[in-house]
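In what follows, a structure is listed as structure tokens, so that the remarks can point back to it.
Residue numbers (full-length UniProt numbering): 1 to 142.
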């Protein structure tokens, strides 16, 4: 088996309603995302010797993750406070993206992993840096 990875970055705002620190306030991050794939080498002539063409990986991550999440307010749809902020932002024609749980680096990395896996990618790990010195890694528990 071979592993390849590609890095991406995107900017996003969020808040952690109920948090006991400053992250309860609306704030933003420049996230660094690393997507790792693990699979045997392809044998079809156009892609022979590759796990996946990096340009194909980029296109998929752009479509499923970056386009909907970059420069958006990501929010927990179960939080009344965060829903109110999202509703206000939408009335102001601002981009929002809902998740069914808190928007921590841990839960976002799991969401990204599962979304890419559901698209058929052989994802082995997702690493999401919330700051230059803090990241979360999610791997398949199976």
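Think of the CB as a built atom: it goes at the ideal place given N, C-alpha and C, for glycine as much as any other residue.
In this structure, residue 131 places its C-beta atom within 8 Å of the C-beta atom of residue 29. Residue 106 holds the alpha-carbon nearest to the alpha-carbon of residue 134 among 110, 77 and 106.
For residue 75, same chain residues with a beta-carbon under 8 Å away, outside a window of 5 residues either side, are 14, 15, 82, 83, 85, 86, 96, 97, 98, 99 and 103 in chain order. Of the other Cβ atoms in all chains shown, fewer than 16 fall within 10 Å of the Cβ of residue 59; this residue is therefore exposed. Within the DSSP secondary-structure output, residue 138 pairs in a beta bridge with 126. With respect to residue 2, residue 35 sits apart: the two C-beta atoms are not nearer than 8 Å. Following the DSSP letters along the chain, one finds residue 76 inside the beta strand (DSSP E) bounded by residues 72-76.
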